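First residue of the sequence shown? That's 1 in UniProt numbering, and the numbers climb one at a time after it. Data first, discussion second: the structure below is written as structure tokens.
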Amino acid sequence: MSYFCLLKVLASAQYEPGYCSFYEDCGLNPAVEGALIPPRVPCKDYRKVVNVTGDHYELLKSVCPMLAHGEGETLACCSIRQLTALQSSLTLSKAVLIRCPSCADNFAHIHCATTCSPNQSQILKITKTANITQPTGIVKEAVVGYEAYISMNFSDASFRSCKNIRIPATGGYAIATMCGRYGSTLCTPQRWLDFQGDSSNGLAPLDINFKLLSDGQTAGLPPGAVLSQDCEQSCPAVPQPPPLPKPFMIGRLDGVLVISIIIFSCIFFLIMCYVILECTVHIRKSKGTQKSISNKDQNENEIEHKISSKDVTCSDKASLATQEFLGSLFLAWGTIMARYPLIVLPVCLVVVLAFAVGIKDIELTTDPVQLWSAPESHAMREKAFHDAHFDPFYRTNQLILTAPHRHIQIYCVRFFLTDLIIELLELQQKIQAIEFWSDELNRTARLKDVCYTPLNPGNPSLTYCAVNTVLPKYSPLSFKDIPALGMSCMADYGGPVFPFLAVGGYENEEYTTAEALILTFSLNNYTRTDVKFNVVEEWERKFLKIVQEYQENPNTNFTFAYMAERSLEDEINRTTAEDIPIFMISYAVIFLYISRGSWGIFILQVDSKFLVGLGGILVVGCSVMASMGFYACIGVPSSLVILQVVPFLVLAVGADNIFIFVLEYQYTKKSFKNLTNPKLLDECVTYVYYEHYLTIVNEGLFNIAVCLLPTFVVCCILLGMDLRSGFLNLLTIVMITVDTVGVMTLWGIDFNAVSLINLVTAVGISVEFVSHLTRSFALSIRPTKVERAKEATANMGSAVFAGVAMTNLPGIVVLALAKAQLIQIFFFRLNLVITLLGMAHGLIFLPVLLSFLGMYSCLNKKAKEMELNSKATYHNISFENHEKSNGEIPIEPSYPVKADIVSKTTQEPSKFEIDIL
Numbered sequence: 001m002s003y004f005c006l007l008k009v010l011a012s013a014q015y016e017p018g019y020c021s022f023y024e025d026c027g028l029n030p031a032v033e034g035a036l037i038p039p040r041v042p043c044k045d046y047r048k049v050v051n052v053t054g055d056h057y058e059l060l061k062s063v064c065p066m067l068a069h070g071e072g073e074t075l076a077c078c079s080i081r082q083l084t085a086l087q088s089s090l091t092l093s094k095a096v097l098i099r100c101p102s103c104a105d106n107f108a109h110i111h112c113a114t115t116c117s118p119n120q121s122q123i124l125k126i127t128k129t130a131n132i133t134q135p136t137g138i139v140k141e142a143v144v145g146y147e148a149y150i151s152m153n154f155s156d157a158s159f160r161s162c163k164n165i166r167i168p169a170t171g172g173y174a175i176a177t178m179c180g181r182y183g184s185t186l187c188t189p190q191r192w193l194d195f196q197g198d199s200s201n202g203l204a205p206l207d208i209n210f211k212l213l214s215d216g217q218t219a220g221l222p223p224g225a226v227l228s229q230d231c232e233q234s235c236p237a238v239p240q241p242p243p244l245p246k247p248f249m250i251g252r253l254d255g256v257l258v259i260s261i262i263i264f265s266c267i268f269f270l271i272m273c274y275v276i277l278e279c280t281v282h283i284r285k286s287k288g289t290q291k292s293i294s295n296k297d298q299n300e301n302e303i304e305h306k307i308s309s310k311d312v313t314c315s316d317k318a319s320l321a322t323q324e325f326l327g328s329l330f331l332a333w334g335t336i337m338a339r340y341p342l343i344v345l346p347v348c349l350v351v352v353l354a355f356a357v358g359i360k361d362i363e364l365t366t367d368p369v370q371l372w373s374a375p376e377s378h379a380m381r382e383k384a385f386h387d388a389h390f391d392p393f394y395r396t397n398q399l400i401l402t403a404p405h406r407h408i409q410i411y412c413v414r415f416f417l418t419d420l421i422i423e424l425l426e427l428q429q430k431i432q433a434i435e436f437w438s439d440e441l442n443r444t445a446r447l448k449d450v451c452y453t454p455l456n457p458g459n460p461s462l463t464y465c466a467v468n469t470v471l472p473k474y475s476p477l478s479f480k481d482i483p484a485l486g487m488s489c490m491a492d493y494g495g496p497v498f499p500f501l502a503v504g505g506y507e508n509e510e511y512t513t514a515e516a517l518i519l520t521f522s523l524n525n526y527t528r529t530d531v532k533f534n535v536v537e538e539w540e541r542k543f544l545k546i547v548q549e550y551q552e553n554p555n556t557n558f559t560f561a562y563m564a565e566r567s568l569e570d571e572i573n574r575t576t577a578e579d580i581p582i583f584m585i586s587y588a589v590i591f592l593y594i595s596r597g598s599w600g601i602f603i604l605q606v607d608s609k610f611l612v613g614l615g616g617i618l619v620v621g622c623s624v625m626a627s628m629g630f631y632a633c634i635g636v637p638s639s640l641v642i643l644q645v646v647p648f649l650v651l652a653v654g655a656d657n658i659f660i661f662v663l664e665y666q667y668t669k670k671s672f673k674n675l676t677n678p679k680l681l682d683e684c685v686t687y688v689y690y691e692h693y694l695t696i697v698n699e700g701l702f703n704i705a706v707c708l709l710p711t712f713v714v715c716c717i718l719l720g721m722d723l724r725s726g727f728l729n730l731l732t733i734v735m736i737t738v739d740t741v742g743v744m745t746l747w748g749i750d751f752n753a754v755s756l757i758n759l760v761t762a763v764g765i766s767v768e769f770v771s772h773l774t775r776s777f778a779l780s781i782r783p784t785k786v787e788r789a790k791e792a793t794a795n796m797g798s799a800v801f802a803g804v805a806m807t808n809l810p811g812i813v814v815l816a817l818a819k820a821q822l823i824q825i826f827f828f829r830l831n832l833v834i835t836l837l838g839m840a841h842g843l844i845f846l847p848v849l850l851s852f853l854g855m856y857s858c859l860n861k862k863a864k865e866m867e868l869n870s871k872a873t874y875h876n877i878s879f880e881n882h883e884k885s886n887g888e889i890p891i892e893p894s895y896p897v898k899a900d901i902v903s904k905t906t907q908e909p910s911k912f913e914i915d916i917l
């Protein structure tokens, strides 16, 4: 190792290089008593340096390696006896400094240079001598004091390499023991060297007066110095973190925004080109050979339709075939249900009751960990492994106490007052004395049966229970022990009571200025299947009861906050129970709206119209009970969130169907009731959400995608294999979901498990907003897409608005009165956003989108519809003429003819028509 450039001599000119000022050991210093090592001093001897060889060189190389230049080429001013004494002295210091090898080398270098340097006469000046009698009786002059000259650069570098070394036993700095009364805080390089040269420190054999030179000569750490955890200067500099990537910009605009605008513009341009091309092709096609069919609509307006036989494509034929198959299927189903009500209703009631019986075995998940974490997530798997091998993490029950109304004396902090400490002790003893009868243990249970005993788990007792409190700290009358390690006081159970766990409300580490006391009881935790789980929860319930009674006591000096491990679960159950009336009011409002909205007024006439709303509510209620009972029977656990979300989802879908059925029934022609109505009733498949995710983002995208894919497939099937309408349907649903996420960000709604459930629900509700309108558009036979969009919006839009939007909004508004933040944010806000966005997209955006990009009407179906409508018109006229000929009062239909188009011409009745007449 290369050494430090450290020493400079200010000796007189007569001192030449290669001469020694003292040599050989002269015995013990008579002026030093009680030293830790024998204070051996050298003899004054101005002589030439000695060439060290053999054992002498090996010893020099071991003690002062920086002075060894090879055997036969090394010169030194110290004998073997001097090196032995120097080795004994350095050994004590190295035991403390060895944690930083560079510091130990620097320290040894200082004393090796003054003792053995070949230029000794130039780097020190003898200031004090004493006569010492040798064992042979000869009196020799010994050196007991001298001045040593060291460059300031080297002394500063050596001091910096040593000042941060800690002594493991005490945790204090080693420099504090080598700087005397100044300690580590006030120690400087000069004071550090002065203490080393003070013979009264018990280590130095003589007095050394170190003189620091500041004439510009430098001395520093050698290159490649040994690194250590305490060597601050020799440790490499902490690398700076790489600079943050610059934001992606295009000019002065955000790059992502610019690219999004370009993509949107391109898509808009392509759509417009497609619309123009589609219109051009359609106009050219309409100029060919065509068949004209003239008929009237419901308002007796003339409509000219020209349908070419070439226009009927395979797609139209497939669409008509699918519609006819679905129509016949649902017609048969509806006919059977309506024909045998006395059989269907009891059977359905029995099935519902059979499933609803399972509700008595329903298992509610109330554990917050299981409620919000996926069972197969990485964290849950690790927790299960830990619980299986090391038992669950202990349970925490804690009180934080303050005394805000007590006067604070200038020399006495708030919690050093005796009466407060005694009151805290009484409260602690009262809690520790909790006992109750346990059926699980078949005996009286106490704290020792459930408490966490880390030092004696095999033989628990009250003494070994882990209770953290400030009380043990009053035994030593100090928050910290005197050593710099600052070891905390020990609690009764044998563990430390750390100040930051016993008090609070302090700045920095001034624990004596604390404004709060912390009392913590640690209990063992168990799996929910363990019999002791109920015992520990019962103890916590008793703990909360005592604390609540203590808080209500007007004579207490404390104001405090408290919690138990079960507090979060209890709070979820409590707020849910408090909000149940709010949900009941919400459902009642929706029921009243359905009852009134179905027919406009409360009325009980021949048809018992008010019972329509009641029947719809009963159907929804039966659906909820049957589904929950079924899953309870097969052992699928539920949760309070599901209990609150499922009724809303089922109610939205059920109410929508109620309004569609009622409005379709109102529009159906009441005259000539024996005529079969070819109009098919609309059906929509709803998708029940589920909670299953590993990571909230990836699994959320997966869940939503799983809902969207079958939505697209089923909608395409129910729309008569119309892929384009199914895609437009899907696009609108995706837009509703994406916009909901955007509003969540603007309204401060976090994306978590509850909001994910609502987003999955949003997909199902969005189907109700868009699918019925799209199907109505697909089934319309109006000549243009704009007219078909108008007809779909006028006929089906009102049902969607009344059945979905106005059914949800009254109940959602009531949820704003809920006390629980969970209900206000994730149910009121999210459901309101979903309903408003669904209504805007379904009733505003979707009709416009269909008028541009929707499919043209199925020409094959249009021809058959017009033929059927012509027959229906002939039957109506024949029926009315027959009634008139019998002298009866003419019958006027109370509603317009449902058929979209009424034929202008009277056709000859077919055999089927003659049979009907």
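Cβ coordinates follow ideal geometry from the N, Cα and C atoms, glycine included. Keep in mind the model is a prediction, meaning the values are calculated, not measured.
9 Å Cβ cutoff met for residue i and residue j
i	j	result
Cys26	Glu141	yes
Glu16	Ser121	yes
Thr761	Pro847	no
Leu203	Val143	no
Phe751	Gly854	no
Ile359	Met625	yes
Ile259	Ile267	no
Ser199	Leu124	no
Thr53	Cys78	no
Val450	Leu568	no
C-alpha gap between residue i and residue j, whole angstroms
i	j	result
Thr396	Val497	15 Å
Leu193	Lys48	28 Å
Phe210	Arg191	10 Å
residue 925	Ala169	As displayed, the chain neither begins before 1 nor continues past 917, which places residue 925 out of reach and without an answer.
Leu213	Thr91	28 Å
Asn456	Tyr394	15 Å
Leu759	Leu401	43 Å
Gly615	Thr835	24 Å
Thr527	Leu364	16 Å
Val470	Asn508	18 Å
Ser461	Lys383	28 Å
Leu728	Leu850	8 Å
Tyr493	Ile167	28 Å
Ile757	Ile749	13 Å
Val344	Met337	6 Å
Ala354	Ile276	59 Å
Beta-carbon contacts of residue i that lie in its chain and below 8 Å, excluding the five residues immediately before and after
i	result
Ile434	Arg446, Leu447, Trp539, Lys542, Phe543, Ile546
Residue i in three-state terms, based on DSSP
i	result
Phe751	coil
residue 920	Summary: the structure shown does not reach residue 920, with the chain confined to residues 1 through 917, and so no result is reported for it.
Arg99	coil
Cys279	helix
Asp607	Low confidence applies here, because Asp607 scores a pLDDT of 48, under 50, leaving its location unreliable; read the following figure in that light. Residue state, collapsed to three classes: coil.
Chain-order list of residues whose beta-carbon lies under 6 Å from that of residue i (same chain, five-residue window excluded)
i	result
Ala104	Lys94, Leu97, Ile98
Ile736	Ser766, Leu837, Gly838, His841
Pro637	Glu363, Thr365
Ala516	Ile400, Thr402, Gly504, Gly505
7 Å Cβ shell around residue i - same chain, five flanking residues per side excluded
i	result
residue 949	Nothing can be reported for residue 949: it is not among the residues displayed for the chain, which extend from 1 to 917.
Gly145	Thr127, Lys128, Leu206, Asp207
Runs of alpha helix (DSSP H) wholly within the segment 17-71 (minimum 4 residues, chain order): 54-63
Residue ranges of each beta strand (DSSP E) within the segment 441-466, 3 or longer: 443-446
Any alpha helix (DSSP H) of 4 or more consecutive residues that is wholly inside the segment 306-381: 314-339, 341-356, 368-372
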